[in-house]
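Student:
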Amino acid sequence: NKMNNLESRILEYPSPLLKYKSQKARVYFNEYNLLMENTVYLPLVSGCLQATAQMDKEIKDNYEFMPFNYYIDSPDRIVRRYEDPAVAAFSLSMWNANLSMEVARRIKEKFPECLTVFGGPHVPFDAKEWFEKYPFVDVTVRSDGEQTFTEILKRNLKSRDFTGIDGISFRNGSGEYIKNDKENSLEKNLDVFPSPYLDGLFDDIMNSSNIKFQAIIETNRGCPFPCSFCFWGQGGLNTRYRFFSVDRVEKIANWLGLNKIEYVFCADSNFGMLKDRDPIIARIFADVKEKYGYPVKFRVCYGKNAEESIFETAKILSDARLAIGVTLARQSNDTKTLEINRRKNIKIEMYNNLQKRYHDADM
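For the sequence shown, my numbering assigns the number 39 to the initial residue and increments by one for each residue that follows.
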């Protein structure tokens with residue numbers, strides 16, 4: 039009965055896609071990364087969302103994924119790339135939020151039936167005021183997006199009521215703000231999600247562009263620390279690690295080396311703290327560099343209270359000339375600030391000891 043009631047309520051707001059049967063509905067991804075002269079990051083978020091979504095037969099049969107919008111450009115040029123869009127998905131960070139909102143506004147103005155979906159660290163968890171401020175926003179996603187975006191695309195084939203999809207807020211057919219309070223259940227085994235690198239989703243833009251590409255890699259997600267200023271643990275809401283297998287990391291590392299990606303940013307929190315994994319991963323990238331000459335640099339964000347494993351990991355990267363520096367972090371020494379931020383610093387004795395060890399090792 040619950041399912042029947044949900045289904046009948048959902049169908050109160052039918053999707054505009056129901057009247058299109060002659061062509062596949064077009065999905066556009068927008069992940070505007072900084073263009074540094076002729077260098078830019080590959081759009082990892084967009085690739086992850088597409089790679090997962092297109093595994094679903096219903097989505098593959100009904101949607102067409104358009105070329106990625108992956109670097110900062112003028113709104114005019116970006117909007118001109120759109121042709122009869124069904125879905126426009128945006129990944130928002132602070133450096134692209136204003137541009138994303140302006141593009142979304144223009145798209146909604148030009149294509150009022152296009153569904154706009156927003157995720158990323160710049161999107162608020164409680165988005166009520168955001169929906170009021172931006173009338174062109176249809177859906178916001180909290181936390182991981184792969185499973186949630188797939189559900190949104192499937193629901194959008196028949197309805198604009200996204201009731202029952204965890205971890206989102208949306209504007210229903212009457213224009214009301216709805217927050218689905220239940221958070222989505224986060225997948226523990228991240229290998230269930232396909233890799234856009236290994237699946238070839240970036241091959242076209244790499245083969246048809248004079249741009250030099252940098253890459254981001256995740257070997258895990260989450261953070262055990264509840265610091266309120268940080269999105270890794272989402273202010274303490276996600277304090278458990280979830281992992282990609284070392285085997286998968288090695289395959290991606292070889293892909294990066296083979297494709298001559300010079301600069302790789304590892305988006306893990308606290309790299310080096312996981313003594314059973316991080317030194318192995320550092321060694322993988324050192325071996326890949328020795329084999330291919332790439333990547334030239336492997337940038338990480340080091341952990342704090344695991345002295346031996348962090349030193350070992352940093353030494354491997356330093357010896358391979360992948361990362362010649364190492365960070366030691368103390369965000370603040372003010373006790374009240376630390377209390378408010380739910381932050382505990384590395385002990386000053388350990389800080390001083392690590393500093394001396396790195397200095398003695400010429401790091």
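Note that beta-carbon positions come from the ideal geometry of N, C-alpha and C, so glycine has one too.
Would you call the region 376–384 and the region 266–281 in contact, with 3 or more CB pairs under 8 Å?
Tutor: The region 376–384, when compared against the region 266–281, does touch it at the 8 Å Cβ threshold.
Student: Under the rule that 16 or more other beta-carbon atoms within 10 Å means buried, what is Ser-370, buried or exposed?
Tutor: Residue environment analysis places Ser-370 among the exposed positions, since fewer than 16 neighbouring C-beta atoms fall within 10 angstroms of its C-beta.
Student: Between the alpha carbons of Thr-154 and Ala-127, how many angstroms are there, rounded?
Tutor: 6 Å
Student: Taking the C-alpha atoms as reference points, what is the distance between Gly-295 and Pro-52?
Tutor: 47 Å
Student: Any idea which residues DSSP pairs Arg-209 with across the strands?
Tutor: Arg-209 pairs with Tyr-215.
Student: Quick one: what's Lys-335 bridged to in DSSP?
Tutor: Tyr-301
Student: May I ask which residues mark the beginning and end of the beta strand (DSSP E) holding Tyr-79?
Tutor: 77–79
Student: Using only alpha-carbon positions, find the residue among Val-117, Ala-361, Glu-170, Ser-181 that is nearest to Thr-277.
Tutor: Ser-181
Student: With DSSP as the reference, identify every bridge partner of Asn-292, one or two as the case may be.
Tutor: Beta-bridge pairing links Asn-292 to no other residue.
Student: Assuming contact is defined by CB atoms lying nearer than 8 Å, are Ser-337 and Cys-304 in contact in what I supplied?
Tutor: Looking at the sequence itself, residue 337 is Arg, so the reference to Ser does not match. Contact: yes.
Student: Using 10 angstroms around the beta-carbon of Leu-239, count the other beta-carbons present and answer buried if the total reaches 16, otherwise exposed.
Tutor: buried
Student: What did DSSP end up calling Lys-95 once you bin it into helix, strand or coil?
Tutor: helix
Student: Rounded to the nearest angstrom, what separates Val-334 and Lys-298 at their Cα positions?
Tutor: 9 Å
Student: For Lys-289 and Arg-368, I'd like the C-alpha separation in whole angstroms.
Tutor: 35 Å
Student: Check for me: the alpha helix (DSSP H) holding Ile-116 runs from which residue to which?
Tutor: 113–118
Student: Arg-321 to Val-175, Cα distance in whole Å?
Tutor: 44 Å
Student: Which value, in whole angstroms, describes the spacing of the CA atoms of Gly-183 and Trp-293?
Tutor: Taking the straight line from one Cα to the other gives about 24 Å.
Student: Among residues of its own chain, excluding the 5 on either side of Thr-365, which ones have a beta-carbon nearer than 8 Å to its beta-carbon?
Tutor: Cys-339, Tyr-340
Student: Among residues of its own chain, excluding the 5 on either side of Ile-90, which ones have a beta-carbon nearer than 8 Å to its beta-carbon?
Tutor: At residue 90 the sequence reads Thr, which differs from the Ile that was named. Closer than 8 Å at the Cβ level, and outside the excluded window around Thr-90, lie Glu-184, Gln-185, Phe-187, Thr-188, Phe-231, Pro-232.
Student: Cβ atoms of Asp-316 and Ser-347: under 8 Å apart, would you say?
Tutor: yes
Student: If I'm right that Val-179 touches Gly-157 with Cβ under 8 Å, what's the distance once you round it to whole angstroms?
Tutor: Under the criterion of beta carbons closer than 8 Å, Val-179 and Gly-157 qualify as touching, at roughly 4 Å.
Student: Cβ of Lys-146 within 8 Å of Cβ of Tyr-101?
Tutor: no
Student: Starting from Leu-16, follow its DSSP beta bridges and name the residues at the other end.
Tutor: The structure shown has nothing for residue 16, since the chain only spans 39 to 401.
Student: In the DSSP assignment, the alpha helix (DSSP H) including Phe-147 goes from what residue to what residue?
Tutor: Note on identity: in this sequence residue 147 is Glu, with Phe being the wrong assignment. In the DSSP assignment, Glu-147 falls within the alpha helix (DSSP H) that extends over 135–148.
Student: From Leu-392 to Ala-324, what does the alpha carbon distance come to, in whole angstroms?
Tutor: 22 Å
Student: Give me the residue from Phe-149, Ala-124, Tyr-108, Cys-152 with the minimum Cα distance to Leu-137.
Tutor: Measuring C-alpha to C-alpha distances from Leu-137 to each of Phe-149, Ala-124, Tyr-108, Cys-152 identifies Tyr-108 as the nearest.
Student: Could you name the residues of the same chain whose beta carbon sits closer than 8 Å to that of Asp-204, not counting the 5 residues immediately before and after it, in chain order?
Tutor: Counting only Cβ-Cβ distances below 8 Å, and skipping sequence neighbours, we find Thr-186, Asn-218, Lys-220, Glu-221, Asn-222, Ser-223.
Student: Comparing alpha-carbon positions, which option in Lys-329, Leu-376, Tyr-66, Ala-352 lies nearest Val-141?
Tutor: Tyr-66
Student: According to DSSP, is Ala-63 helix, strand or coil?
Tutor: The three-state reading of DSSP puts Ala-63 in strand, counting E and B together.
Student: Judging by CA-CA distance, which residue of Met-104, Ser-307, Gly-331, Ile-216 is the nearest neighbour of Gln-88?
Tutor: Met-104
Student: Since Val-83 and Glu-69 are thought to touch, with beta carbons under 8 Å apart, how far apart are those beta carbons, to the nearest angstrom?
Tutor: 5 Å
Student: Whole angstroms is fine: what's the gap from Leu-360's alpha carbon to Lys-342's?
Tutor: 20 Å
Student: Please confirm if Glu-189 has its CB atom under 8 Å from at least one CB of chain B.
Tutor: Within the model displayed, chain B is absent; a lone protein chain is all it includes.
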